[in-house]
Structures are given as structure tokens and as C-alpha cells.
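Note that my numbering has the sequence shown beginning at 4, numbered continuously upward.
Note that the Cβ used here is the ideal one computed from N, Cα and C, for glycine as well.
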Amino acid sequence: MAGVLQRFEKRLEGAVTGAFARAFRSAVQPVEIAAALQREIDANASVLSRERTLVPNDFTIELSPADHERLAPYGATLATELSALVNDHITEQRYTAAGPIHIEFALDEELRTGRFTVVSSSNASVTPVRGEPISETAVRRAKVVLDIGGLRHPVNPPGLTIGRGSTADLKIDDPGISRNHAEIVFLGGGVEVRDLGSTNGVIVDGRNVKSATLQDGSQVRLGNTTITVHLSQENA
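Structure, rendered in C-alpha cells:
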């Protein structure tokens, strides 16, 4: 950890000049945030296999009002340097990030000056079906809508495949998801999810399944990605 932090401080020295340097006189120091990010990554490492250990890729650093006011104007520069540090740490520890690293700063009115918290999550990038833009009309008319991280993906008969590989209809860049992980299929008046022989399985509403009928609001977990299912009235 020490080596990574030292490199971070040296890189930061080149960016910290003038007003930026004065901002860093606040009680919260960038190197403290950097160390906290590394601890957050290590604490949330999840072993997928002997070769792969998954770690979060999305980080929110919550600051007190005084620290937020001083640091937020330089947040983009600091986030860039912190992202480089996180990537270095992930590489050195041979971790696998759930997706591209994203770091942002947020205000927490309840924090005292000098205090901060780091909140992390794993958010894989999702490529829409056939790479096409998703329109509101398509979502409204869809038989099924899959909500992944707040993004809605319409699904219509006969269904679609979900996986990490390029041949999947809906590609999710989650290391815990197999190349062809699962499929959504329409059967009569219902909708079903089926495991396509994935490594880590399919979990529906907390149960590990090979196949399951989906209800409106069902939670489907593939790897480290949770998909919320919304059914149209005729399929609900």
C-alpha cells in the first residue's frame, strides 16, 4: 500500500498549485482519502474463483460541508488522480474491478469537518440489445422491462440472452457473469428466466434456480449484477 500511496502523492504534487494547494489545507487530505479507498476495496473484495477476486468500481466520497466547499471545485482533477491510484492498487493486488472506475464527491450535512466516508458499489457497464439506443416508446410498449442500475431495457418475444460475451443480446461487463449466462423467454402468457449453464448460477428473489417464472418486481441476480423485472399488465 505504501508504494502506491507514495506514487499518488508524487503525481498529485504536479497538479496541486495555487488555489488547488490552498484547498488542500482543509482538514481532509487527499492522501487520507486515497488510503480509505484502498481499505474499502480490500474490505469488499469477493473471491469469484482461484484466479479472480472481484472488487467495487464505483465510489462516492462523502464530505462535510466545509471540506466539500473547499475540495469540490477541484473534484475532477482529484478524482482522476484517485482513479489512477485505485487502478494501480487493483493491478498490484491482482483484483478484477466490476467495471470502469468511477469516483465522485458528495455532500453530507451531518459530517463534521475533517470527517468523511467512502461508499462503494459494483456497477457493470451494460450494452443495450444489439447496441441500439433505447427509446421511451420502446420501453412503454415492451412486454418486459429489465432495470439494471437505473437503466431500462425493453424485452419482447421470443426473448433474449444475457451474458458477458459479444454474442449475448444483452451484454453485461460483469466478471461474475458467464459469456452466455441466462436467457429470458416467453411461454404462453408468462415469462421465464433460464440458466444457460453459467459458472455462478442464477438467483431469483434469493433462490438459486435453473429456471423460474418471473413476476412483476422479481429480482434476478447474475454474478454481481441485480436485474429488476417489470412486466406489462398483460404479463403481470
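- Message: Strictly by DSSP, which residues pair up with Leu57?
- Response: Paired residues: Ser49, Thr99.
- Message: Going by beta-carbon coordinates alone, are Val121 and Glu65 separated by less than 9 angstroms?
- Response: Yes, the Cβ-Cβ distance between Val121 and Glu65 is below 9 angstroms.
- Examine the Cβ distances between the region 189 to 196 and the region 97 to 116 and report whether three or more of them are shorter than 8 angstroms. Taking one beta carbon from each stretch, the region 189 to 196 and the region 97 to 116 have fewer than 3 pairs nearer than 8 angstroms; the two do not touch.
- Message: Taking the straight line between their C-alpha atoms, what separation do you get for Ser214 and Ala82?
- Response: When the Cα atoms are used, Ser214 and Ala82 turn out to be separated by approximately 42 angstroms.
- Which two residues bound the contiguous beta strand (DSSP E) that contains Glu186? 185 to 190 is the extent of the beta strand (DSSP E) around Glu186.
- Query: CA-CA distance, His233 and Leu85?
  - Reply: The alpha-carbon atoms of His233 and Leu85 are separated by roughly 37 angstroms.
- Message: Going by C-alpha to C-alpha distance, which of Ala185, Asn159, His156 sits closest to Thr170?
- Response: Among Ala185, Asn159, His156, the Cα nearest to that of Thr170 belongs to Ala185.
- Is the Cβ-Cβ distance between Arg55 and Thr99 less than 9 angstroms? Yes, the Cβ-Cβ distance between Arg55 and Thr99 is below 9 angstroms.
- Compare the beta carbon distance of Ile106 and Leu57 with 9 angstroms and say whether it is the shorter of the two. A distance of 9 angstroms or more separates the beta carbons of Ile106 and Leu57.
- State yes or no: is the beta carbon of Val207 nearer than 9 angstroms to at least one beta carbon in chain B? As a matter of chain content, chain B is missing from the structure shown, which is built from one protein chain.
- Based on Cα-Cα distance, which residue from Pro68, Arg182, Arg197 lies nearest to Ala30? Nearest to Ala30 by C-alpha distance, out of Pro68, Arg182, Arg197, is Pro68.
- Classify Thr164 as buried or exposed, calling it buried when 16 or more other Cβ atoms lie within 10 Å of its own Cβ. With 16 or more Cβ atoms within 10 Å of its Cβ, Thr164 is classed as buried.
- Message: Output needed for Asn211: all residues of its chain with C-beta closer than 8 angstroms, excluding positions within five of it in sequence on either side, in chain order.
- Response: Shown here for Asn211: same chain residues with a beta carbon closer than 8 angstroms to its own, the five before and five after excluded, namely Gly204, Val205 in chain order.
- Taking the continuous beta strand (DSSP E) assigned at Ala109, which residues delimit it? Counting along the chain, the beta strand (DSSP E) containing Ala109 begins and ends at 105 to 110.
- Query: Can you check whether the CB of Gly179 is closer than 9 angstroms to the CB of Leu51?
  - Reply: Inclusion of Leu51 and Gly179 in the CB contact set at 9 angstroms is warranted, their separation being smaller than that value.
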